[in-house]
Amino acid sequence: MNLDFGQITPYIPFMLEGIWVTLKFVFVALIFGFILGTLLALCKIGSIKLLNWFAIVYTSIFRGTPLILQLMIFYFAIPQLTGYDISPFLSAILAFGLNSAAYISEIIRAGIQAVDKGQTEAAMALGIPYKQMMKDIILPQAFKNILPALMNEVITLTKESALVSTISVLDLMRRAQVVGSDIYRSFEPLLFVGFIYWLMVFVLSSIGKVIERRLKVSD
Amino acid sequence: MIRVENLSKSFGKNEVLTNISTQISKGEVVAIIGPSGSGKSTFLRCLNVLENPSSGKILVENHDLTDSKTPIHKMRQQIGMVFQHFHLFPHMTVLENLTYAPMKAKGVKKQAAEQSARSLLHKVGLSEKESAYPSSLSGGQKQRVAIARALAMEPELMLFDEPTSALDPEMVKEVLDVMKDLAKSGMTMIVVTHEMGFAREVADRILFLDHGVLLEEGKPNDFFTNPKTERAKDFLDKIL
Ligand SMILES: Nc1ncnc2c1ncn2[C@@H]1O[C@H](COP(=O)(O)OP(=O)(O)OP(=O)(O)O)[C@@H](O)[C@H]1O
Ligand SMILES: [Mg+2]
Numbered sequence: 168m169n170l171d172f173g174q175i176t177p178y179i180p181f182m183l184e185g186i187w188v189t190l191k192f193v194f195v196a197l198i199f200g201f202i203l204g205t206l207l208a209l210c211k212i213g214s215i216k217l218l219n220w221f222a223i224v225y226t227s228i229f230r231g232t233p234l235i236l237q238l239m240i241f242y243f244a245i246p247q248l249t250g251y252d253i254s255p256f257l258s259a260i261l262a263f264g265l266n267s268a269a270y271i272s273e274i275i276r277a278g279i280q281a282v283d284k285g286q287t288e289a290a291m292a293l294g295i296p297y298k299q300m301m302k303d304i305i306l307p308q309a310f311k312n313i314l315p316a317l318m319n320e321v322i323t324l325t326k327e328s329a330l331v332s333t334i335s336v337l338d339l340m341r342r343a344q345v346v347g348s349d350i351y352r353s354f355e356p357l358l359f360v361g362f363i364y365w366l367m368v369f370v371l372s373s374i375g376k377v378i379e380r381r382l383k384v385s386d
Numbered sequence: 630m631i632r633v634e635n636l637s638k639s640f641g642k643n644e645v646l647t648n649i650s651t652q653i654s655k656g657e658v659v660a661i662i663g664p665s666g667s668g669k670s671t672f673l674r675c676l677n678v679l680e681n682p683s684s685g686k687i688l689v690e691n692h693d694l695t696d697s698k699t700p701i702h703k704m705r706q707q708i709g710m711v712f713q714h715f716h717l718f719p720h721m722t723v724l725e726n727l728t729y730a731p732m733k734a735k736g737v738k739k740q741a742a743e744q745s746a747r748s749l750l751h752k753v754g755l756s757e758k759e760s761a762y763p764s765s766l767s768g769g770q771k772q773r774v775a776i777a778r779a780l781a782m783e784p785e786l787m788l789f790d791e792p793t794s795a796l797d798p799e800m801v802k803e804v805l806d807v808m809k810d811l812a813k814s815g816m817t818m819i820v821v822t823h824e825m826g827f828a829r830e831v832a833d834r835i836l837f838l839d840h841g842v843l844l845e846e847g848k849p850n851d852f853f854t855n856p857k858t859e860r861a862k863d864f865l866d867k868i869l
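And the structure:
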């Protein structure tokens, strides 16, 4: 076994740039997924049958098929179908955003339904309209239930984002492969970005823990 | 004040309330008693439409609450409700629990809302708890805050669903005392309760529910000393 990290030194800045690509990608996909996921969750708990049905089918499709398949469909199949030449980054955002929306909608739905029904009744009995009740009474309490699971989703998304290397987005993972083929050594660059992934996840979960502790204060 | 006409309620095939009619006038205190599962909570919850009646009418000052055109939020603002398990808002302080609804639903200014909230807290003996969170209060204190929260909307009518059933015995009195004061002040009250002492002493009228039917209605003295129906006799024998 002869590891030689000296050889990757010139490539380190190139690989570190991948952090931004990965983070930017995760961030945009997450915002997209969170907004769409919240809407889907409201569709699920609402009383309009058509929307219930839509949200349930949506979730079932995106959770029931491999993410890499969804990614391939957005990158290869959509252009074939529509003639629109979609960029790798955009198709990755679409696939990951739509996919995480399905998971996030389940997290939010469960979080809302875990709020004691008595809270809704107390608010209704006081004559508070539905929207305000959701905003001021139910969602703030649901958010506390949701946060740990949401943090998990962020971490999963960060790690799974490495899949976008398969459609040649120059993220961390892809950069390690590029360097690997440049210097004919794979182990060192892979180990290097592996450490970076671990570090990012470590920082993310630490932030999550701090927020959780803050929120606990009022209990 | 409130008139109930031929109220029935079913959950699926299960008819829980059958054809109940009664009338409660301003300033009256009515106690609803009856065996477990007889429909007392359901009846109370129909009165502010937390449950939708299957048929019949509920008229509050000539507005029919079962009519979908009636502005239900506005009507509920006139009807306070106190639950067995308090249901305070856990993420708000005691003072915020009291000011939230007047400010958000009635547009009362913050300063005015806080002022009347403080005077209500004083009335229920909890002035020093205004910045506490509900989780730090005892059961009796929580229920007194819940009563104050309902009163903060300045309702015309107060509904109580077994307000002392979830409390440790030593805390029952402090809550009943607040309710007695409220009754003395002339509030119209409908109270579902197992506290027969309270019903006898404070209520102007007793409604006895059994299997969803309003079996008996009368003055506390008549009802407790001389129940008319066999079912009421049985019930009183069991609990007194
Ligand atoms: N949301 C609901 N769905 C279906 N059935 C219900 C619902 N709420 C109440 N019931 C049924 O209606 C009947 C009356 O219930 P209710 O809670 O009104 O009785 P209660 O007199 O308040 O009893 P308790 O003294 O135990 O509180 C019960 O058989 C109960 O199972
Ligand atoms: Mg009950």
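Sequences listed follow chains A and B, in order. Numbered according to this note's numbering, the first sequence spans residues 168 to 386. Numbered according to this note's numbering, the second sequence spans residues 630 to 869. The beta carbon of each residue, even a glycine, is placed where N, CA and C say it ideally should be. Model, not experiment: these values are computed from the prediction.
Under DSSP, E846 of chain B shares a beta bridge with B:L836. One alpha carbon belongs to L337 of chain A, the other to I374 of chain A, and they sit about 26 Å apart.
For L293 of chain A, the nearest CB of chain B lies under 9 Å from its own CB, placing it at the interface with that chain. In the three-state DSSP reduction, A660 of chain B falls in the strand class (E or B). For I215 of chain A, the secondary structure class from DSSP, reduced to helix, strand or coil, is coil. DSSP places K686 of chain B inside the beta strand (DSSP E), whose first and last residues are S684 to V689. Annotation for E379 of chain A indicates a beta carbon at 8 Å or more from all heavy atoms of ligand 2. Here the C-alpha atom of D797 of chain B lies approximately 11 Å from the C-alpha atom of E803 of chain B. Counting of Cβ neighbours within 10 angstroms places L843 of chain B among the buried residues, the total reaching 16 or more.
Counting along the chain, N635 of chain B sits inside the beta strand (DSSP E) bounded by residues I631 to F640.
Interface with chain B (9 Å Cβ-Cβ cutoff): G231 of chain A is excluded.
The Cβ-Cβ distance between S335 of chain A and R341 of chain A falls below 9 Å. Between A262 of chain A and L293 of chain A, the C-beta spacing is not below 9 Å.
Straight through space, the alpha carbons of E680 of chain B and T249 of chain A are spaced by roughly 51 Å. In this structure, P682 of chain B has its CB at a distance of at least 8 Å from all heavy atoms of ligand 1. Those residues placing their Cβ nearer than 5 Å to any heavy atom of ligand 1 are, following chain order, B:F640, B:V645, B:S665, B:G666, B:S667, B:G668, B:K669, B:S670 and B:T671.
With a threshold of 9 Å between beta carbons, G709 of chain B makes contact with chain A.
The beta carbons of M808 of chain B and I868 of chain B sit no closer together than 9 Å. Between the alpha carbons of L749 of chain B and Y364 of chain A lies a gap of roughly 56 Å.
When B:S667, B:R778 and B:H751 are compared, the shortest CA-CA separation from P763 of chain B is found for B:R778.
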